[in-house]
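J.: Numbered by the UniProt record's numbering, the letters in the sequence shown go through residues 1 to 81 in order.
Note that beta-carbon positions come from the ideal geometry of N, C-alpha and C, so glycine has one too.
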Amino acid sequence: MCKVNIYITLKEAVLDPQGKVISQSLKDLEYDGVRDVRTGKYLQVELADRENAEQKIEDMCNRLLANPVIEDYTYTIEEVV
1 MCKVNIYITL KEAVLDPQGK VISQSLKDLE YDGVRDVRTG KYLQVELADR
51 ENAEQKIEDM CNRLLANPVI EDYTYTIEEV V
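1) Since Y42 contacts C61 with CB under 8 angstroms, what's their CB separation in whole angstroms?
2) Ends of the alpha helix (DSSP H) at residue 94?
3) Do C2 and R50 have their CB atoms nearer than 8 angstroms?
4) Going straight from the alpha carbon of G19 to that of E78, what length do you get?
5) T39: buried (16+ other C-beta within 10 angstroms of its C-beta) or exposed?
6) Just confirm the distance between the C-beta atoms of E54 and L10, as a whole number of angstroms; I'd bet it's less than 8 angstroms.
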């Protein structure tokens, strides 16, 4: 079995209004060092086995989990004992 951690974020060229609101709110709370905030999604998927895990995750992300037009994704795969 393996656990996959998937991180989905908006592409750099896509505006992130939620990130802008969070950034401004942090500045309003006097966290002056914050330059920018980008929001995204974090998902955990458990697969029965490691076989073809990378291809399965790529397919899942491209077909359902992420919108490849406006989002990028990265993932890590961990063996679960």
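T.: Walking through what the data contain:
1) As a working mapping, residue 42 is identified with position 42 in the sequence shown. As a working mapping, residue 61 is identified with position 61 in the sequence shown. 13 angstroms between Cβ atoms; not a contact.
2) Past the edges of the chain, shown from 1 to 81, lies residue 94, and the structure says nothing about it.
3) Start at 1 with the first residue of the sequence shown, and residue 2 comes out as number 2. Start at 1 with the first residue of the sequence shown, and residue 50 comes out as number 50. Yes, the Cβ-Cβ distance between C2 and R50 is below 8 angstroms.
4) Position 19 of the sequence shown, counted from the first residue, corresponds to residue 19. Position 78 of the sequence shown, counted from the first residue, corresponds to residue 78. Distance between the alpha carbons of G19 and E78: 29 angstroms.
5) Position 39 of the sequence shown, counted from the first residue, corresponds to residue 39. By the 10 Å Cβ count, T39 comes out exposed.
6) Position 54 of the sequence shown, counting from 1, holds the residue named residue 54. Position 10 of the sequence shown, counting from 1, holds the residue named residue 10. Contact doesn't hold; Cβ gap of about 23 angstroms is too wide.
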